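Enquirer: Sharing a structure here in structure tokens format.
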Amino acid sequence: MTEETKYSLPKVWQWDKDNGGKWASTNRPIAGATHDHELPVGEHPLQLYSLGTPNGVKVTAMLEELLALGHSGAEYDAWLIDIGKGDQFGSDFTRLNPNSKIPVLLDRSMDPELPVFESCAILHYLARKFGEFLPADEATYSECISWLFWQESGASFVGGGFGHFYAYAPYPMEYPINRYTMETKRQLDVLDRLLANREYVCGDQYTIADIANWCWYGQVALGDVYDAVEFLDASIYKHVNRWAQQIKERPAIQRGRLVNRVFGPEEQQLRERHAASDIDAVL
Ligand SMILES: N[C@@H](CCC(=O)N[C@@H](CS)C(=O)NCC(=O)O)C(=O)O
306 MTEETKYSLP KVWQWDKDNG GKWASTNRPI AGATHDHELP VGEHPLQLYS LGTPNGVKVT
366 AMLEELLALG HSGAEYDAWL IDIGKGDQFG SDFTRLNPNS KIPVLLDRSM DPELPVFESC
426 AILHYLARKF GEFLPADEAT YSECISWLFW QESGASFVGG GFGHFYAYAP YPMEYPINRY
486 TMETKRQLDV LDRLLANREY VCGDQYTIAD IANWCWYGQV ALGDVYDAVE FLDASIYKHV
546 NRWAQQIKER PAIQRGRLVN RVFGPEEQQL RERHAASDID AVL
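If you use the numbering used here, the sequence shown corresponds to residues 306 to 588, in order.
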């Protein structure tokens, strides 16, 4: 008998604080702040409170893309939110994002200051603010938004499901791994078929739909997230691999990936970013 078959459903679910999973000490079934904490504020118009996970990298990659195009208004301070230590439940952070998840962007160039949360909402906000990486014609714009939302809803399967049970659960469990691996592979296949006939997600233009999707499916396919290329047999998704490699080579993506990164080789970690030179130093 494997461990999971011993479980029988209680009448009312109870929170097991010590379930042994990697996130057991931080995840809770209730919302709200756990402690008072004032967030730091830097000198740039945009303040980012984040971590270098795929959801966090969506935003830093986008900001670096905008800076590469010469948008000085996209200058930003990126502050580290250590979700393992519960920083996301600090009072200031929870005020900016009642959902207590990174990333959060605070636009201080707006009056009053404007907080934006949900990584894809931040991508959309920045794309509209700077007039970049969104298709101009209505049909392609609409398609771009569809693939943006598709990615956002898929992340709960890829990261919250596959990644959680493959990489973080206290022991391997066949049923959830089968369920989430099947769906993750199906989604990779959806993207693979799409990219068989087009250079980018929405056609020949690189958009926020590419940034969002690359951060999850692209990095999973390349083995940069979860180290699961062999397990997922990810090399069969040839078009995803071609697209993922092409995007990975973009200088802005390479810069954005380093920001708020506190894992991987030490020389490639960058807890905070306040100037371009901070990234130059670890590139
Ligand atoms: N849909 C959200 C998901 C954000 C999310 O899940 N963030 C994770 C890190 S990647 C987090 O902050 N986890 C902390 C927690 O669950 O307490 C987005 O895309 O912004």
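C-beta: ideal position from N, C-alpha, C; glycine also. All figures in this text were calculated on a predicted structure; none of them were measured in a lab.
With a threshold of 8 Å on Cβ separation, who are the neighbours of Glu418 within its own chain once the five nearest residues in sequence on each side are excluded?
Expert: If we look at Glu418 and ignore the five residues flanking it on each side, its Cβ neighbours are Leu411, Asp412.
Enquirer: Which of the three DSSP states, helix, strand or coil, is assigned to Ala501?
Expert: If DSSP states are grouped into helix, strand and coil, Ala501 belongs with coil.
Enquirer: Buried or exposed: which applies to Leu566, given that a residue is buried once 16 or more other Cβ atoms fall within 10 Å of its Cβ?
Expert: The sequence as given places Arg at residue 566; Leu does not occur at that position. Flag for Arg566 reads buried.
Enquirer: On the DSSP letters alone, give me the boundaries of the beta strand (DSSP E) that Ala383 sits inside.
Expert: First-last of the beta strand (DSSP E) with Ala383: 381-385.
Enquirer: Can you tell me whether DSSP reads Tyr542 as helix, strand or coil?
Expert: It is coil, neither helix nor strand.
Enquirer: Give me, in chain order, the residues of the same chain whose beta-carbon lies closer than 6 Å to that of Met306; leave out the 5 immediate sequence neighbours on both sides.
Expert: Any reading at Met306 is ruled out, since the residue's pLDDT is 41, under 50, leaving its predicted position unreliable.
Enquirer: Taking 8 Å as the cut-off, does the CB of Gln352 come closer than this to any heavy atom belonging to ligand 1?
Expert: No, since every heavy atom of ligand 1 falls outside the 8 Å radius drawn around the Cβ of Gln352.
Enquirer: Below 8 Å, how does it come out for the segment 354-367 and the segment 507-523: are there three or more Cβ pairs, yes or no?
Expert: Touching, yes, given that three or more Cβ pairs across the two stretches are closer than 8 Å.
Enquirer: Suppose contacts are defined by Cβ-Cβ distances below 9 Å. Is Phe467 in contact with Ile482 by that definition?
Expert: In contact: Phe467 and Ile482 (Cβ atoms closer than 9 Å).
Enquirer: Can you tell me whether Lys406 sits near ligand 3, meaning its C-beta is under 8 Å from at least one heavy atom of the ligand?
Expert: No copy of ligand 3 occurs in the structure displayed; its ligands are ligand 1 alone.
Enquirer: Please state whether DSSP places Phe536 in a helix, a strand or coil.
Expert: Residue state, collapsed to three classes: helix.
Enquirer: Find the nearest neighbour of Ile335 within the set Leu527, Thr399, Ala366, judged by alpha-carbon distance.
Expert: The candidate whose alpha carbon is nearest that of Ile335 is Thr399.
Enquirer: So what does DSSP say about His340, is it helix, strand or coil?
Expert: Three-state DSSP puts His340 in a strand.
Enquirer: Under the rule that 16 or more other beta-carbon atoms within 10 Å means buried, what is Asn373, buried or exposed?
Expert: One point to set straight first is that residue 373 is Ala, not Asn, in the sequence displayed. Exposed: under 16 other Cβ atoms inside 10 Å.
Enquirer: Quick check on Ser414: does DSSP put it in helix, strand or coil?
Expert: Three-state result, Ser414: coil.
Enquirer: Report the three-state DSSP secondary structure of Met306 (helix, strand or coil).
Expert: In this prediction, Met306 has a pLDDT of 41, which is less than 50 and means its spatial position is unreliable; what the coordinates show is noted afterwards. Met306 falls in the coil class under three-state DSSP.
Enquirer: What number of angstroms, rounded off, separates the C-alpha of Trp320 from the C-alpha of Ser313?
Expert: Rounded to the nearest angstrom, the two C-alpha atoms are 15 Å apart.
Enquirer: Is it true that the CB of Tyr354 sits closer than 9 Å to the CB of Ile386?
Expert: Yes.
Enquirer: According to DSSP, Phe422 sits in a beta bridge with which residue or residues?
Expert: Answer is Val409.
Enquirer: Closest to Asp442 by CA distance: which of Phe435, Gln492, Gln510, Pro403 is it?
Expert: Comparing Cα positions, the closest option is Gln510.
Enquirer: Looking at the unbroken beta strand (DSSP E) that takes in Leu351, where does it start and where does it end?
Expert: Where Leu351 is concerned, the enclosing beta strand (DSSP E) stretches over 351-355.
Enquirer: May I ask which residues mark the beginning and end of the alpha helix (DSSP H) holding Phe462?
Expert: 443-462 is the extent of the alpha helix (DSSP H) around Phe462.
Enquirer: Pull up the distance between the alpha-carbon of Asp538 and that of Gln393, whole angstroms please.
Expert: When rounded, the distance between both Cα atoms is 35 Å.
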